[in-house]
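**Q**
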Amino acid sequence: MIRLTRLDGDVFFVNPDLIEAIEETPDTHVVLSNGRRYLVIEKTDAIVARIITFKSSVMKRALGGHGRKYLRRKTEGSYLPRCPLKPDHNTD
C-alpha cells in the first residue's frame, strides 16, 4: 500500500495495483480500476516513485533478499508432522 494525502490533509492508503491512471492537471487525480477518483496533494512523479519503492520491496522479499523470513524456522530439521502419515492400504 502507498500513502497518499487528500487536499484537506487526510492521509489514506491505496493499493498500487488498483491504480489505472494518474492525471496531473493543476490538481493530481488518481483513478482506480473500480472507477473511484481521488484528488491528492502529491505530484505524479512522487506517486510513481512510491509505487516503484513499494513494488521493489515486495520483490526483494519474494526473491529472498535481506528481509525477514516469515514462516521459516531457524533449523529446518525441527519440522515434525503433527500426525504421521499412514501408508495407504488399498486392497484392490
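Using the working numbering, read the sequence shown as starting at 37 and increasing by one per residue.
Backbone N, C-alpha and C define an ideal beta-carbon position, used for all residues, glycine too.
1. Thr80 lies in the alpha helix (DSSP H); which residues open and close that run?
2. With respect to 8 angstroms, is the separation between the Cβ of Ile58 and the closest non-hydrogen atom of the ligand SAH below this value?
3. Three-state secondary structure (DSSP) at Leu54?
4. When we look at the beta-carbon of Val76 and count the other beta-carbons within 10 Å, is it buried (16 or more) or exposed?
5. Pull up the DSSP beta-bridge partners for Leu75, would you.
**A** Quick look at the numbers:
1. 80 to 98
2. This structure simply doesn't include the ligand SAH, nor any ligand for that matter.
3. helix
4. buried
5. His65
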